[in-house]
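Before any comments, here is the structure.
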Amino acid sequence: MRRPFASINRWGSYAGTTSESRTTINNGSVSVSSNASADDGALRILMVCSEAMPFAKAGGLGDAVSALCHGLRQLGHDVRLLLPRYGFIDLTTLEELPRPLGVPIGGQELWTAVYRGMLPDGLHGDTVTVYFLDYRQFFDRAGIYNTPGQPEYDDNPRRYALLCRAAFQLCRKLHWIPDILHAHDWPAALVPVYNRLLEAHSEFSFSRAVLSIHNIGYQGITARRQLDSLGLPAARIEESGLLFGEAINLLKGGITCADALVTVSPQHAIEITSPEHGFGLDALLRARQSRLEGIINGMDESVWDPRIDPLLPHHYGTDDPGNKARLKRTLQLEMGLAPRTDVPLLAMVSRLATQKGFHELCDHQRGALPRILEVLPVQIAILGSGDPRFEQRLRELSRLHPNLGLIVGYQERLAHLVQAGADFFLMPSRYEPCGLNQMYALRYGTIPIVSRTGGLVDSVDEFDPLNDSGDGFFIDTPTPWMIFDAVSRAVRLWHSDPEAVKRMRCRAMQRRFPIADTAAAYVNLYRRALSDR
């Protein structure tokens, strides 16, 4: 059985500095002479992921990881983050660590530079160290998973296998062995596999691997011929859990080998054990259900707070909401909409994907969006990019309807302005593991209209006109008709009872999703994993 809390040198310097604890390996056995983490209650946690704000973001994963890092650090834990150094990340703000890092993988040793930076936090300063793996052949590209507008890179499994294997080599170089290796989604899912199959008798024999499933719809499925590039012994492939019919599945391997599993809301933890929402992994998740937990994402209020948001030209709060109307006008002008005060402004910030409900919105025959634009007294602003089919259809609709403003792409500043300036925020997702945009919308007094799924159920309270309670509207099933019906109810209330909308907005702005609570729940999960294997 693994002993909890073993760790080495908390300072994370390269070899040559003094270690606070000493690890000795003799004939495959490991002994640890001292243990700072156990003594002071602080944990050493390495986050391994493909995205983190403000460095790299393709969706909510980047926000969630950064917020969790800050929350854990504020609780006193030594949390660090490992990311790829993508081509768009500015090296001038980073420090290159001495000597390249050798990573044995796929029958060869790849040598890569490593850079160090800090994760910025507007409230508490730069408190989280970030390491960037700079293997340019794999990561010096225009996108994270794909070049914008193009299919995913063919070598993604090999790219992220290098990241996962490098996590162990980097910790050795730093003389800093984490108590927890926290992997996020399929790009980091080989971390639990390597920890169990390759590191069971190394310094990491005391480390626990936790896997967060942010979006089970993306699993890192690839051809079996890629197995050789992952660096696993052939005799242990079956044990790894990677095999998936005639393919390999990186997320399945991570789920099989992780010491603890977590998804990003309690409701979604239930949903993914069902055939409807498990995407082929429901049976495995049911088998590992005792290791599975749902913890709702928290919100980083150093980034998302309309009273102090540095990306907004005007600020407001529950006591002084007047500037929200000024921000609505600013948003209308930026989106090419007429600056009207007599209609509500409905907004979306989203990846343009089937999961997010864009088939139901954009379908040529039955789509909800054309009907909303034609029938309802409303303006709509959409910021996002993704599936070229949806991009093209939205461009067509924006040319036909002057009440639709569209910007294809993503700008962080504009995303904040959308949340602040809109009256309603639409999320008609087919499934939504957690969702952060509805939390941002609530905080900014922008009433959410959301599907009844996943974390949306856990974070939005349904409006009840009889009791004058609640802070959002639900789409019972994300069909075109149900989406239209929910938007109609919201627009009708805006026109018929503006005072009720103001009260809803006030209730929404008083909601809190503190990252400290989320971080504390993760710490409890980490400690159970450390004591339970």
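Numbering (my numbering), first residue to last: 24 to 556.
We put the beta carbon where it would ideally sit given N, CA and C, even for glycine.
Worksheet item: Any idea if Arg103 is buried or exposed, counting beta-carbon neighbours within 10 angstroms, 16 or more meaning buried?
Response: Numbered from its first residue, the sequence shown carries residue 103 at position 80. Looking at its Cβ environment, which holds 16 or more other Cβ atoms inside 10 Å, Arg103 is buried.
Worksheet item: Is the segment 415-434 close to the segment 358-365, with three or more CB pairs under 8 Å?
Response: yes
Worksheet entry | Sheet register partners of Gly407 (DSSP bridge) | The residue you call residue 407 lines up with position 384 of the sequence shown. In the DSSP output, where bridge partners are listed per residue, Gly407 has Ser373, Val431.
Item to complete: For Pro127, write down the residues that DSSP places opposite it in a beta bridge.
Response: Walking along the sequence shown from the start, residue 127 turns up at place 104. Paired residues: Glu132.
Worksheet item: How about Cys577 and Ala211: do their beta carbons lie closer than 9 Å?
Response: With the chain running from 24 to 556 in the structure shown, residue 577 is simply not present.
Item to complete: May I ask you to report which of helix, strand or coil DSSP gives Met76?
Response: Counting from 1 along the sequence shown, the entry for residue 76 is found at position 53. Correct three-state label for Met76: coil.
Discussion item. How far does the beta strand (DSSP E) with Tyr154 in it extend, from its first residue to its last?
Written reply: As a position in the sequence shown, residue 154 is number 131, starting the count at 1. 151-157 is the span of the beta strand (DSSP E), which, as asked, contains Tyr154.
Discussion item. Here's the rule I'm using: 16 or more other beta-carbon atoms within 10 Å means buried, otherwise exposed. How should Leu111 be labelled?
Written reply: As a first step, residue 111 must be located in the sequence shown, where it is residue number 88. At residue 111 the sequence reads Phe, which differs from the Leu that was named. Label assigned to Phe111: exposed.
Item to complete: Output the boundary residues of the beta strand (DSSP E) element that contains Pro425.
Response: What you label residue 425 is simply residue 402 of the sequence shown in a count that begins at 1. Note, Pro425: premise wrong, no beta strand (DSSP E); not H, not E.
Fill in: Exposure of Glu118, with buried meaning 16 or more beta-carbon neighbours within 10 Å
Mapped onto the sequence shown, residue 118 falls at position 95. Classification for Glu118: exposed.
Discussion item. Could you compute how far the alpha carbon of Arg418 sits from the alpha carbon of Asp208?
Written reply: Here residue 418 is taken as the residue at index 395 of the sequence shown, counted from 1. Here residue 208 is taken as the residue at index 185 of the sequence shown, counted from 1. Distance between the alpha carbons of Arg418 and Asp208 is about 32 Å.
Fill in: Neighbour-count burial assignment, Thr115, 16 or more Cβ in a 10 Å radius
Walking along the sequence shown from the start, residue 115 turns up at place 92. Exposed: under 16 other Cβ atoms inside 10 Å.
Worksheet item: If you count every other CB in all the chains shown that lies within 10 Å of the CB of Val233, and 16 or more means buried, which is it?
Response: Locating residue 233 in the sequence shown gives position 210, counting from the first residue. Val233 is buried by the Cβ-count criterion.
Worksheet item: Could you check where the alpha helix (DSSP H) with Asn460 kicks off and where it finishes?
Response: Position 437 of the sequence shown, counted from the first residue, corresponds to residue 460. Residues 460-466.
Item to complete: Decide if Arg314 is buried, meaning its Cβ has at least 16 other Cβ atoms within 10 Å, or exposed.
Response: Position 291 of the sequence shown, counting from 1, holds the residue named residue 314. Answer is buried; the Cβ neighbour count reaches 16.
Worksheet item: Can you give the Cα-Cα distance for Gly140 and Thr150, rounded to whole angstroms?
Response: Within the sequence shown, numbered from 1, the residue matching residue 140 stands at position 117. Within the sequence shown, numbered from 1, the residue matching residue 150 stands at position 127. Taking the straight line joining both Cα atoms gives about 10 Å.
Worksheet item: Taking three-plus beta-carbon pairs below 8 Å as touching, is the segment 406-414 in contact with the segment 335-355?
Response: no
Worksheet item: With 16 other CB atoms within 10 Å as the buried threshold, where does Pro583 fall?
Response: Summary: the structure shown does not reach residue 583, with the chain confined to residues 24 through 556, and so no result is reported for it.
Worksheet item: Taking the continuous beta strand (DSSP E) assigned at Pro107, which residues delimit it?
Response: For this step, residue 107 is matched to residue 84 along the sequence shown. Note, Pro107: beta strand (DSSP E), 101-107.
Worksheet item: Bridge partners of Met70, per DSSP?
Response: Here residue 70 refers to the residue found at position 47 when the sequence shown is read from its first residue. According to DSSP, Met70 bridges with Leu104, His205.
Discussion item. Quick check: the Cα distance between Arg374 and Ala552, rounded to an integer number of angstroms?
Written reply: As a first step, residue 374 is located in the sequence shown; it is residue number 351 there, counting from the start. As a first step, residue 552 is located in the sequence shown; it is residue number 529 there, counting from the start. For Arg374 and Ala552, the distance between alpha carbons rounds to 34 Å.
Worksheet item: Mind checking Leu392: buried by the 16 CB within 10 Å criterion, or exposed?
Response: Numbered from 1 along the sequence shown, position 369 holds the residue referred to as residue 392. When all chains shown are included, Leu392 counts as buried.
Practice prompt. Give me whichever residues DSSP pairs with Glu175 in a beta bridge.
Written response: What you label residue 175 is simply residue 152 of the sequence shown in a count that begins at 1. DSSP lists Asn169 as partners of Glu175.
Fill in: Rounded C-alpha distance that separates Ile239 from Ile68
As a first step, residue 239 is located in the sequence shown; it is residue number 216 there, counting from the start. As a first step, residue 68 is located in the sequence shown; it is residue number 45 there, counting from the start. Roughly 23 Å separates the two Cα atoms.
Fill in: Classification of Gly407 by the beta-carbon crowding that lies within 10 angstroms, buried from 16 upward
Taking the first residue of the sequence shown as position 1, residue 407 is located at position 384. Buried.
Worksheet item: How many angstroms separate the CA atom of Asp484 from the CA atom of Arg181?
Response: One-based indexing of the sequence shown puts residue 484 at position 461. One-based indexing of the sequence shown puts residue 181 at position 158. Rounded to the nearest angstrom, the two C-alpha atoms are 43 Å apart.
Item to complete: Throw me the rounded Cβ distance for the Pro333 and Asp481 pair, which I believe falls under 8 Å.
Response: As a working note, residue 333 is residue 310 in the sequence shown. As a working note, residue 481 is residue 458 in the sequence shown. At roughly 29 Å, the Cβ-Cβ gap does not stay under 8 Å, so Pro333 and Asp481 are not in contact.
Practice prompt. Count the other CB atoms, across all protein chains shown, that sit within 10 Å of the CB of Glu435; report buried if there are 16 or more and exposed otherwise.
Written response: Taking the first residue of the sequence shown as position 1, residue 435 is located at position 412. Exposed, since its Cβ has fewer than 16 Cβ neighbours within 10 Å.
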